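In my numbering, the protein residues as written are 195 to 561. Virtual Cβ for every residue (Gly too), placed ideally from N, Cα, C. Nothing here was measured: the structure is a model prediction, and the numbers come from that model.
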Ligand SMILES: [Zn+2]
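Take a look at the structure:
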């Protein structure tokens, strides 16, 4: 562990671990470990160095670097020592979430024999989530191959309720990520029908491109127009508005206006973060904001640092707008942000309720 990581983790150890933070304070901005070509330890180490206080780990993949694959692990294949090492490396983060497996799975198949192996994989990942003390697990509601949506629906509702029970026992919440079912109406209906206190949704800002309501409004030629872009943002906001307190989690990044390709660095696309943050404040959102940025491994430190900084600015500007007291454009963005190399920069004052991650100030004094 390098000195900065050591200071980071020892300071975080002083704070009550995994406390409930102020709504939308900058320490809730995190990132996932999805950096292909990195080992899990390297990915966690990078997020330490970039002074993230929130992290999301993938409970799939392998510990060691595997080109073309995100680092992670299969919990039942880890030795006790490996589990302890991972737990130790996560100790410095205030907030931890997990992403459950989503590839090659058929866990909502109505035929038990088809579903069995996939269901087991999810259950092991839920066990891992509890083991590492995460506060939330993200799951994708996948279609089941060979079954109609009507056949799959009751199984989906039943299994997510069962997994909600496991989550409650394990001390965390379960968030179904947007993207499937492919309409605002069906997605909202699913979460409402599950009707479980520990099950809500994870809004991914870039997973609405196939949603029926959006396709009904926007033709292929209109996609990169101001009208098409507004309609995309409206679709995401409609889910948040309709689900309100059931919005447990957010995946944040940007969307290329030409291609609608998601997972771009924040500030390079059309996601309307001021509107989004305003809407999140309206519903008194208390969850995390996890960056999901896709870039070649050598670019990831810079892309993550920039995206973190821009998101911090959006949080503080949205506060200014609502309080009618605005910082000058390009003005202070909150202390404790990082530059391209992960160095701490930008120590100007903040506004309103945006509370910068306090340990960072102490890190500066110690350096
Ligand atoms: Zn996502």
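{"Item": "If you draw a straight line from the C-alpha of residue 465 to the C-alpha of residue 263, how long is it?", "Value": "27 Å"}
{"Item": "Hey, out of 467, 313, 400, whose CA is closest to residue 357's CA?", "Value": "313"}
{"Item": "In angstroms, rounded to a whole number, what distance separates the CA positions of residue 408 and residue 481?", "Value": "26 Å"}
{"Item": "Residues around ligand 1, please: the ones whose beta-carbon is closer than 6 Å to some heavy atom of it, in chain order.", "Value": "371, 398, 445, 486"}
{"Item": "Check the C-beta distance from residue 231 over to residue 261 and give it rounded, since I have them as a contact under 8 Å.", "Value": "5 Å"}
{"Item": "If I measure Cβ to Cβ from residue 411 and keep anything under 7 Å in the same chain, skipping five residues before and after, which residues do I get?", "Value": "425"}
{"Item": "Tell me the DSSP secondary structure of residue 289 in three-state form.", "Value": "strand"}
{"Item": "Short check: CB of residue 477 to CB of residue 435, under 9 Å?", "Value": "yes"}
{"Item": "With a CB to CB cut of under 8 Å and the five nearest residues on each side skipped, what residues in its chain are close to residue 350?", "Value": "302, 335, 384"}
{"Item": "Compute the Euclidean distance between the alpha carbons of residue 284 and residue 238, then round it to the nearest angstrom.", "Value": "8 Å"}
{"Item": "What's the C-alpha gap between residue 429 and residue 378?", "Value": "7 Å"}
{"Item": "For residue 402, count neighbouring Cβ atoms within 10 angstroms of its own Cβ and tell me buried if that reaches 16, exposed if not.", "Value": "buried"}
{"Item": "Would you kindly work out how many angstroms separate the C-alpha atoms of residue 533 and residue 421, rounded to a whole number?", "Value": "At residue 533 the pLDDT is 39, less than 50, meaning the model places this residue with poor confidence; the figure from the coordinates comes in the next sentence. So the two alpha carbons sit approximately 34 Å from each other."}
{"Item": "Please go through the same chain and pick out, in chain order, the residues whose beta-carbon is closer than 7 Å to the beta-carbon of residue 300, but skip the five residues on each side of it.", "Value": "308, 309, 312, 338, 339"}
{"Item": "Please say whether residue 393 and residue 431 have beta carbons closer to each other than 9 Å?", "Value": "no"}
{"Item": "Return the CA-CA distance between residue 569 and residue 233, expressed in angstroms with no decimal places.", "Value": "In the structure as shown, the chain starts at 195 and stops at 561, and residue 569 therefore has no counterpart that could be examined."}
{"Item": "In chain order, which continuous runs of the alpha helix (DSSP H) of length 4 or greater are located wholly inside the stretch 233-308?", "Value": "234-243, 274-284"}
{"Item": "What did DSSP end up calling residue 218 once you bin it into helix, strand or coil?", "Value": "coil"}
{"Item": "Give me the residue from 415, 493, 374 with the minimum Cα distance to residue 400.", "Value": "374"}
{"Item": "Hey, would you say residue 324 sits closer than 9 Å to residue 381, going by beta carbons?", "Value": "no"}
{"Item": "What residues in its chain sit with their C-beta under 7 Å from that of residue 345, if we drop five residues either side in the sequence?", "Value": "304"}
{"Item": "Distance, Cα to Cα, residue 292 vs residue 438?", "Value": "22 Å"}
{"Item": "What is the DSSP secondary structure of residue 452, counted as helix, strand or coil?", "Value": "coil"}
{"Item": "Can you name, in chain order, every residue of its own chain whose Cβ lies under 8 Å from the Cβ of residue 473, other than the five neighbours on each side?", "Value": "431, 434, 435"}
{"Item": "Which same chain residues end up closer than 6 Å to residue 523 when comparing Cβ atoms and leaving out the 5 residues on each side of it in sequence?", "Value": "Low local confidence applies: a pLDDT of 41 at residue 523 is under 50, so the model's placement there is unreliable, with the coordinate-based value given in what follows. No residues qualify anywhere along the chain."}
{"Item": "How should residue 448 be labelled, buried or exposed, when 16 other C-beta atoms within 10 angstroms of its C-beta is the threshold for buried?", "Value": "buried"}
{"Item": "Which residue marks the beginning of the beta strand (DSSP E) containing residue 367, and which one marks its end?", "Value": "367-371"}
{"Item": "Starting from residue 224, follow its DSSP beta bridges and name the residues at the other end.", "Value": "248, 484"}
{"Item": "Looking at residue 512: is its Cβ nearer than 9 Å to the Cβ of residue 471?", "Value": "yes"}
{"Item": "Who pairs with residue 397 in a beta bridge, going by DSSP?", "Value": "444"}
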